[in-house]
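For reference, the structure is listed below as structure tokens.
Residue numbers (the numbering used here): 104 to 507.
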């Protein structure tokens with residue numbers, strides 16, 4: 104196989120898996136409006152399986168290039184028949200109680216077996232069975248040998264029952280089409296501007312949940328109520344009174360060494376804050392700056408919203424800082440200055456919480472935003488922080504580092 108063919112096959116395979124995951128999510132979301140007593144799983148017993156209202160639906164999904172046709176001899180058709188034939192033979196599939204759905208982006212030719220297994224007035228299970236039997240009898244392809252053996256290994260009544268349970272959905276939606284359908288659902292939930300951001304988070308969560316069900320043999324499938332709860336949770340994060348806090352950011356960790364001698368760290372050194380508290384400060388700075396950058400990149404912030412938020416934080420700090428200066432006077436000893444500065448910093452660490460929006464209340468946003476301000480020298484802790492920092496930073500060329 105040439106290098107280009109290998110890359111193409113790998114790419115097609117990856118798209119196929121993503122198609123399964125994306126379509127499973129769409130199929131699940133479409134169950135809403137009935138009830139939430141349904142489950143969905145991917146790559147467990149079939150490409151996709153949905154159990155809802157006492158009905159078991161097992162899907163095989165085939166994502167193919169434009170112009171592909173699913174004929175009576177198509178490998179896609181026979182691979183699907185093999186999977187279902189083997190499941191019937193080992194007792195894990197009862198065609199009398201299961202709907203078998205073959206969804207393909209391929210075109211279904213008129214008068215083919217797949218054509219007669221579509222829904223509508225032209226459906227003819229007997230004709231489809233006849234065509235499949237004829238195709239199995241005349242095929243000499245090694246690629247389909249095991250598939251045909253599995254199919255013909257069933258008893259006649261089992262083959263009839265399996266074919267009767269099959270529905271072929273040809274000219275199906277591409278992976279891009281499914282993405283658009285999901286985007287429309289999110290659009291209705293949170294509006295056009297936030298739809299893509301909601302979908303990115305929903306798909307990320309769903310993929311991780313599918314991985315969990317695939318890795319653990321006894322894992323429970325994903326329930327409708329679980330998807331409903333997650334969708335509602337994410338949707339609420341995009342309301343006008345909230346902003347999303349992303350799990351990957353909320354779990355970020357970092358050490359002081361990775362941030363060198365940033366100005367906000369120097370500010371903490373000036374008031375002799377311990378190493379563990381400095382590590383926590385670096386963590387909050389990283390999380391807040393990363394989350395704020397993501398909000399901005401995804402256009403989730405209102406014009407001037409960050410500036411307004413930082414002004415509110417700085418004004419709160421100004422009051423406490425002015426009180427400290429009055430209490431210290433002009434002759435205060437360095438030890439007293441540090442003690443008073445630690446009180447202000449402790450207030451930021453453990454007491455003061457100003458949310459950027461009413462329901463966006465993760466503490467790292469407020470604490471980390473103070474460190475962003477401290478990094479720009481717009482707030483400080485030591486009563487003489489401006490003069491002290493000027494002395495410290497000047498030998499390094501006067502570089503005053505700002506936010507990321």
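The C-beta atom is built at its ideal place from N, Cα and C for all residues, glycine as well.
About 5 Å separates the Cβ atoms of residue 164 and residue 123, confirming a contact at the 8 Å cut-off. Residue burial is scored here from C-beta neighbours: residue 134 has at least 16 other C-beta atoms within 10 angstroms and is therefore classed as buried.
In this structure, the CA atom of residue 228 is about 15 Å from the CA atom of residue 180. The segment 286-302 makes no contact with the segment 182-202: fewer than 3 CB pairs, one atom from each, lie closer than 8 Å.
Contact annotation: residue 265 and residue 142 have beta-carbon atoms that are not nearer than 9 Å. Straight-line spacing of the CA atoms in residue 125 and residue 317 works out to 16 Å. Bounds of the beta strand (DSSP E) holding residue 269 are 269-272. Cβ-Cβ distances below 7 Å link residue 387 to 467, 470, 471 and 474 in the same chain, with the five nearest sequence neighbours on each side left out; the list follows chain order.
A residue is called buried once 16 or more other Cβ atoms fall within 10 Å of its Cβ, and residue 211 is buried on that count. Going by beta carbons, residue 417 and residue 482 fall inside the 9 Å limit.
Between the segment 419-433 and the segment 339-354, the count of Cβ pairs shorter than 8 Å is below three; the stretches do not touch.
The Cβ atoms of residue 373 and residue 491 sit closer than 9 Å to each other. For residue 239 against residue 219, the beta-carbon gap comes to about 16 Å, at or over 8 Å, which does not count as contact. Annotated three-state conformation of residue 310 is helix, per DSSP. Where residue 162 is concerned, the enclosing beta strand (DSSP E) starts and stops at 158-165. The alpha-carbon of residue 377 is positioned some 41 Å away from that of residue 310.
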